[in-house]
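Student:
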Amino acid sequence: MSVAGTYSTTVKSPMGDQSGTLTVNDNGDGTFSGSMAGAMGSMDIPSGTVDGNTISWKMQMTVPMPMTLDCTATIDGDALTGSVNAGAFGAMPLSGTRTG
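Sequential numbering from 34 applies to the sequence shown in this note's numbering.
(1) Which residue wins for smallest C-alpha separation from residue 56, given the options 48, 45, 90?
(2) Please report how far the alpha carbon of residue 86 lies from the alpha carbon of residue 118, in whole angstroms.
(3) Give the DSSP-derived three-state secondary structure of residue 121 in the structure shown.
(4) Return the residue from the list 97, 98, 116 that minimises the CA-CA distance to residue 106.
(5) Could you spell out the range, first to last residue, of the beta strand (DSSP E) harbouring residue 97?
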């Protein structure tokens, strides 16, 4: 099953649950592109990797402060689980469900 799709996601952050939408466009060559949109705006994912049903990517956050987020998620059917590593803030659990 392809990892491509749109996922309704929740990141459990120190500032409370952050809801968002993760879009994954599988390029078919072990990479993907997409975006993560939420209450704090949208972040492009210019290039991520696909390894089986696990995806990994980095995002540049600007709000509330500039920071690189290092993300990993495993997709099992329509369920997504993983983590968002926010540097000094540590890893925050990521969960989601494929929509549409």
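Glycine residues also receive a C-beta, built at the ideal position from the N, C-alpha and C atoms.
Tutor: With the given structure in hand:
(1) Indexing the sequence shown from 1 puts residue 56 at position 23. The shortest C-alpha separation from residue 56 is found at 90.
(2) Residue mapping note: residue 86 aligns to position 53 of the sequence shown, counting from 1. Residue mapping note: residue 118 aligns to position 85 of the sequence shown, counting from 1. So the two alpha carbons sit approximately 19 Å from each other.
(3) As a first step, residue 121 must be located in the sequence shown, where it is residue number 88. Three-state result, residue 121: helix.
(4) Here residue 106 refers to the residue found at position 73 when the sequence shown is read from its first residue. Nearest of 97, 98, 116 to residue 106, Cα basis: 116.
(5) Numbered from its first residue, the sequence shown carries residue 97 at position 64. Residue 97 -> no beta strand (DSSP E), and no H or E assigned at all.
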